[in-house]
Amino acid sequence: MIDIKFLRENKEIVKENIKKKFQDKKLPLVDEVIELDKKNREFKQLGDDLRKERNSISGQIGLLMREKKIDEANNLKSQVVEINNKLENIEKEEQTLTEQIKKIMMVIPNIIDDSVPVGKDDSENVEIEKYGEPVVPAYEIPYHADIISRLNGLDKESSGRTSGNGFYYLMGDVARLSSAMLTYARDFMIDKGFTYCIPPFMIRSDVVTGVMSFDEMDAMMYKIEGEDLYLIGTSEHSMIGKFKDQIVDEKELPITLTSYSPCFRKEVGAHGIEERGIYRVHQFEKQEMVVLCKPEEAMDWYNKMWSYTVELFRSLDIPVRTLECCSGDLADLKVKSCDVEAWSPRQQKYFEVGSCSTLGDAQARRLSIRAKGGNGNYFVSTLNNTVLASTRALIAFLENNYNEDGSINIPKVLRPYMGGKEKIEIKK
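So that you can map any letter, position 239 of the sequence shown is 680 in the numbering used here, and since no number is skipped, the others follow by simple counting.
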């Protein structure tokens, strides 16, 4: 959510930003909210004037009462009652207008960074750089579900009975491998100086609307029936919510956190849920990184954060590339975002395994997260980035470490988490 003062003074910039995001249907909202804001400020001024008048009259009443001028005092008291009635109506109008303004401001997209390429959707995202040589071996790489099944590591038939489509059981060495990768990712981020955290896996609606747009919320979140609680789609949601309505000392910034959580997603949309594999599912696990910092430090942290994910995947012998998200592919709260994509030797193309975003003060403004500095309080900048999402990272790992005999190589960095194993062999 952008600052109403900024919108008021820069409405053409806000409109141009909406056009860059190909959301022209939202253009009328800018003029609408400006008009509502004007009315609201007029009511506020009228209310302030009436309160000032009431205070003046109240002072006169006190003086008249001390002088025993009861009739004159009572006459003024009736004027105070009349003012109070007017104020009650004005305050109701203010509340209504404030709610209308907030509702509109919540759907006007954040101002994107000048460096973001303009494009309609993810098909127009721009490759930034490749890391590692994408190899296509001479032998065939099977579909990831078949690789896992040959290792006796996947049971979707049973999960279909217990939970339905979009769920899975990981078994044996594959389940251990998935946990090992997450634990390695945790320690990797701790070594980078991030504080480890396990957050709540459910959050209230006011936190949900504070961290994401309404469109994202509808497409992603599972609501707990009969309660004001939602299952988190990523730990970023509850990690940012941790600071709701807080004022942190500027000396504490940057706050750098890495969090583990299961993630629950409806995955509503044209892409649908994958029938056989684990690429797009309703439940997975993730190691995340979250940063709260001064606004002027946000871009430096953005570049550090995605580079950590690249470094992690390269240490697992997985080639990756970074992809700049274009304007039309950015969620409304994001200022700038890039995807980290892993190489798939089976498909001979890259696929998304993580995303890094800087959101300016949009989340902080919605959740009232401020820092106390030498020149007063200000909204912090928030950033988030995927360290490792279990299912997609597992797919990338298996394909890039697959041997012709069906075994899976374990890179050195992961062996301590796998009991010293150098390979996962096919079960006889």
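Note that beta-carbon positions come from the ideal geometry of N, C-alpha and C, so glycine has one too. Bear in mind the structure is a predicted one, so any value in this text is a computation, not a measurement.
Hey, quick one: how far does the alpha helix (DSSP H) through residue 604 stretch, first residue to last?
-> Numbered from its first residue, the sequence shown carries residue 604 at position 163. No alpha helix (DSSP H) contains residue 604, which DSSP labels as neither H nor E.
Where does residue 813 land, buried or exposed, given buried means 16+ other C-beta within 10 angstroms?
-> Mapped onto the sequence shown, residue 813 falls at position 372. Exposed, by the Cβ-count rule.
In the DSSP assignment, find the alpha helix (DSSP H) that holds residue 529 and state where it starts and stops.
-> Numbered from 1 along the sequence shown, position 88 holds the residue referred to as residue 529. Start and end: 511–546.
Should residue 536 be counted as a contact of the ligand COA given a C-beta to heavy atom distance under 6 Å?
-> Here there are no bound small molecules, and the ligand COA is not part of this structure.
Verify whether the separation of the beta carbon atoms of residue 531 and residue 487 is less than 7 Å.
-> Residue mapping note: residue 531 aligns to position 90 of the sequence shown, counting from 1. Residue mapping note: residue 487 aligns to position 46 of the sequence shown, counting from 1. A contact, by the Cβ cut-off of 7 Å.
Assuming residue 459 contacts residue 550 under a Cβ cut-off of 8 Å, what Cβ separation, rounded to an integer in Å, is found between them?
-> One-based indexing of the sequence shown puts residue 459 at position 18. One-based indexing of the sequence shown puts residue 550 at position 109. Under the criterion of beta carbons closer than 8 Å, residue 459 and residue 550 qualify as touching, at roughly 6 Å.
Just tell me which of 503, 668 and 716 has its CA closest to the CA of residue 595.
-> By 1-based counting over the sequence shown, the position of residue 595 is 154. Looking at the Cα atoms, 716 is the closest of the given residues.
Under the rule that 16 or more other beta-carbon atoms within 10 Å means buried, what is residue 809, buried or exposed?
-> Position 368 of the sequence shown holds residue 809. Here residue 809 is exposed, its C-beta having fewer than 16 other C-beta atoms within 10 Å.
Taking C-beta to C-beta, are residue 660 and residue 858 nearer than 7 Å?
-> For the purposes of this step, residue 660 is taken as the residue at position 219 of the sequence shown. For the purposes of this step, residue 858 is taken as the residue at position 417 of the sequence shown. For residue 660 and residue 858, no; Cβs fall outside 7 Å.
Among the residues of its own chain, which have a CB less than 6 Å from the CB of residue 453, if the five just before and after it don't count?
-> Locating residue 453 in the sequence shown gives position 12, counting from the first residue. Cβ neighbours of residue 453 beyond the five flanking positions: none.
Residue 582 versus residue 603 - alpha carbon distance = For the purposes of this step, residue 582 is identified with residue 141 of the sequence shown, where counting begins at 1. For the purposes of this step, residue 603 is identified with residue 162 of the sequence shown, where counting begins at 1. Their Cα atoms are separated by approximately 31 Å.
Can you grab the Cα-Cα spacing for the pair residue 747 / residue 610, in whole Å?
-> Start at 1 with the first residue of the sequence shown, and residue 747 comes out as number 306. Start at 1 with the first residue of the sequence shown, and residue 610 comes out as number 169. The straight-line gap separating the alpha-carbon atoms of residue 747 and residue 610 is approximately 30 Å.
Tell me whether residue 501 sits in a helix, a strand or coil according to DSSP, three-state version.
-> Translated into positions along the sequence shown, residue 501 becomes position 60. DSSP places residue 501 in helix when its eight states are reduced to three.
Got a sec, what are the start and stop residues for the alpha helix (DSSP H) residue 459 sits in?
-> For this step, residue 459 is matched to residue 18 along the sequence shown. Run containing residue 459: 452–461, per the alpha helix (DSSP H) assignment.
Hey, how far is the Cα of residue 448 from the Cα of residue 608?
-> Here residue 448 corresponds to residue number 7 of the sequence shown, with the count starting at 1. Here residue 608 corresponds to residue number 167 of the sequence shown, with the count starting at 1. Each residue's alpha carbon lies about 44 Å from the other.
Any idea what DSSP makes of residue 482, helix, strand or coil?
-> By one-based count along the sequence shown, residue 482 stands at place 41. Helix, per DSSP.
Spell out a yes or no on whether the stretch 558–569 and the stretch 748–768 are touching, meaning 3 or more CB-CB pairs, one atom from each, closer than 8 Å.
-> yes
Can you grab the Cα-Cα spacing for the pair residue 673 / residue 827, in whole Å?
-> As a working mapping, residue 673 is identified with position 232 in the sequence shown. As a working mapping, residue 827 is identified with position 386 in the sequence shown. Near 15 Å, if we compare the C-alpha coordinates of residue 827 and residue 673.
Rounded to whole angstroms, how far is the Cβ of residue 658 from the Cβ of residue 649, which I believe are closer than 8 Å?
-> In the sequence shown, the residue the question calls residue 658 occupies position 217. In the sequence shown, the residue the question calls residue 649 occupies position 208. Rounded, the Cβ-Cβ distance is 6 Å, consistent with contact.
Terminal residues of the beta strand (DSSP E) in which residue 613 lies = As a first step, residue 613 must be located in the sequence shown, where it is residue number 172. Element bounds for residue 613: not the beta strand (DSSP E) but the alpha helix (DSSP H), 613–632.
Reducing DSSP to helix, strand and coil, say where residue 813 ends up.
-> What you label residue 813 is simply residue 372 of the sequence shown in a count that begins at 1. Residue 813 falls in the strand class under three-state DSSP.
Whose CA, out of 690, 694 and 642, lies closest to the CA of residue 682?
-> Numbered from its first residue, the sequence shown carries residue 682 at position 241. When each option's Cα is compared against that of residue 682, the closest is 642.
What are the boundary residues of the alpha helix (DSSP H) that residue 656 is part of?
-> Numbered from its first residue, the sequence shown carries residue 656 at position 215. Per DSSP, the unbroken alpha helix (DSSP H) holding residue 656 starts and ends at 655–661.
Touching or not, the stretch 720–730 and the stretch 624–639, by the rule of three or more beta carbon pairs under 8 Å?
-> Yes, they touch.
On the DSSP bridge assignment, give the partners of residue 797 in chain order.
-> For the purposes of this step, residue 797 is taken as the residue at position 356 of the sequence shown. Partner residues in the beta bridge of residue 797, as assigned by DSSP, are 779 and 826.
What three-state label does DSSP hand residue 681 in the structure shown?
-> By 1-based counting over the sequence shown, the position of residue 681 is 240. Residue state, collapsed to three classes: helix.
Where do the N-terminal and C-terminal ends of the beta strand (DSSP E) with residue 690 fall, by residue?
-> One-based indexing of the sequence shown puts residue 690 at position 249. It spans 688–690 - the beta strand (DSSP E) in which residue 690 sits, taken as one unbroken run.
Coil, strand or helix - residue 643 by DSSP = In the sequence shown, residue 643 corresponds to position 202, counting from 1. Three-state DSSP puts residue 643 in a strand.
Under the rule that 16 or more other beta-carbon atoms within 10 Å means buried, what is residue 744, buried or exposed?
-> Taking the sequence shown and counting its residues from 1, the one referred to as residue 744 is at position 303. It counts as exposed.
Boundaries (first-last residue) of the beta strand (DSSP E) holding residue 725 = Taking the first residue of the sequence shown as position 1, residue 725 is located at position 284. Unbroken beta strand (DSSP E) run through residue 725: 724–734.
In terms of residue numbering, what span does the alpha helix (DSSP H) encompassing residue 749 cover?
-> Numbered from 1 along the sequence shown, position 308 holds the residue referred to as residue 749. Here the alpha helix (DSSP H) through residue 749 covers 739–756.
Using three-state DSSP, classify residue 832 as helix, strand or coil.
-> Against the sequence shown, residue 832 aligns to sequence position 391. Of the three classes helix, strand and coil, the one that applies to residue 832 here is helix, per DSSP.
Helix, strand or coil: which one does DSSP assign to residue 844?
-> On the sequence shown, position 403 is the one that residue 844 refers to. Coil at residue 844, not helix or strand.
State buried or exposed for residue 782, treating a residue as buried only when at least 16 other CB atoms are found within 10 Å of its CB.
-> Within the sequence shown, numbered from 1, the residue matching residue 782 stands at position 341. Buried: at least 16 other Cβ atoms inside 10 Å.
Where the alpha helix (DSSP H) containing residue 764 begins and where it ends = Position 323 of the sequence shown, counted from the first residue, corresponds to residue 764. Careful: residue 764 lies outside any alpha helix (DSSP H), inside the beta strand (DSSP E) at 761–765.
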